[in-house]
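Take the sequence shown: its position 212, counted from the start at 1, is 200 in this note's numbering, and no numbers get skipped. The structure appears right after this line, and notes come after that.
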Amino acid sequence: MTAHFLGYFISFEGIDGAGKSTHIESFANLMRERHPDREVVMTREPGGTQLGEQLRALLLDAPMNLETEALLMFAARREHIAQVIEPALMARKIVISDRFTDASFAYQGGGRGLSLEKLNDLEKWVQGRPDGSLLQPNLTFLFDLPGSIAESRRSKVRAPDKFEKMDLDFFERVRQEYLRRAKADSKRFYLIDATRTPEEIWNDLMLLKIKL
Ligand code: TYD
-11 MTAHFLGYFI
-1 SFEGIDGAGK
9 STHIESFANL
19 MRERHPDREV
29 VMTREPGGTQ
39 LGEQLRALLL
49 DAPMNLETEA
59 LLMFAARREH
69 IAQVIEPALM
79 ARKIVISDRF
89 TDASFAYQGG
99 GRGLSLEKLN
109 DLEKWVQGRP
119 DGSLLQPNLT
129 FLFDLPGSIA
139 ESRRSKVRAP
149 DKFEKMDLDF
159 FERVRQEYLR
169 RAKADSKRFY
179 LIDATRTPEE
189 IWNDLMLLKI
199 KL
């Protein structure tokens, strides 16, 4: 993250059914309470812009070639960064995104097998800054749990989207790639043991001191 951004960028990650959605709204409210002088922007990927939401509908529904899927994820991300994330960070806002690039490495890379090299190239292209650095979240919460528990937690009411229909092996690969990235960048990641109850997880989140 480059120094000239005055804002703070937080992402929430984890396999489908890990429980991140339960906490993201409450966490945004906690940040609003703790930092009344700062505006909190909630957003999500894929999505976050009008075009991004149209791409989301396609990505979560239409079967497609793996490279096409990765390119569309990053196309949606480019628009999201240009229209929402960068302007908010320049205006000192706190940006909270339900998923960001770690999800592409985990799902398209770990899950579906796209090469790290291609993902790194796309990341450089889409998140590269004029000074050569990459736009990254300041903090990433990774909700971690075994694929089998996540599967049993996934909504039985809502029809599963394209990714939610994938098998257990797929989610185990996604999980391992998330964990590998968390290990490689332990300063940015905050690992959450998502096998615990929502109350226990919330207590954990509340105790965390974030220095903006
Ligand atoms: P998700 O964030 O879980 O939303 P919901 O709670 O509404 O299901 O769904 C987004 C899906 O998109 C999820 O299965 C992960 C997938 N995804 C990727 O495969 N790659 C990406 O880069 C991103 C951002 C998401």
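By construction, the Cβ of each residue, glycine as well, lies at the ideal position given by its N, Cα and C atoms.
The continuous alpha helix (DSSP H) containing residue 41 extends over residues 38 to 47. Here residue 90 carries a helix assignment [DSSP, helix/strand/coil]. Looking at the DSSP output, residue 32 bridges to 86.
A residue is called buried once 16 or more other Cβ atoms fall within 10 Å of its Cβ, and residue 154 is buried on that count.
Residue 140 sits in a helix when the DSSP states are folded into three classes. Buried is the label assigned to residue 31, since at least 16 other Cβ atoms lie within 10 Å of its Cβ. One alpha carbon belongs to residue 63, the other to residue 28, and they sit about 24 angstroms apart. Take residue 66, set aside five residues on each side of it, and the residues of its chain with a beta-carbon closer than 6 angstroms to its own are 114, in chain order. Straight through space, the alpha carbons of residue 182 and residue 137 are spaced by roughly 10 angstroms.
In the displayed model, residue 158 falls within a helix according to three-state DSSP. Collapsing the DSSP output to three states places residue 128 in a strand. Remark: C-beta atoms of residue 49 and residue 152 do not approach each other more closely than 8 angstroms.
Put simply, the backbone Cα of residue 59 is about 9 angstroms away from that of residue 107. Residue 189 carries a helical assignment under DSSP once its states are collapsed to helix, strand and coil. Taking a contact to require three or more Cβ pairs closer than 8 angstroms, the segment 173 to 190 and the segment 113 to 128 qualify as touching.
Counting of Cβ neighbours within 10 angstroms places residue 132 among the buried residues, the total reaching 16 or more. Proximity of the beta carbon of residue 151 to the ligand TYD is indicated: a heavy atom of the ligand is located closer than 7 angstroms.
Here residue 14 is exposed. Its C-beta has fewer than 16 other C-beta atoms within 10 Å.
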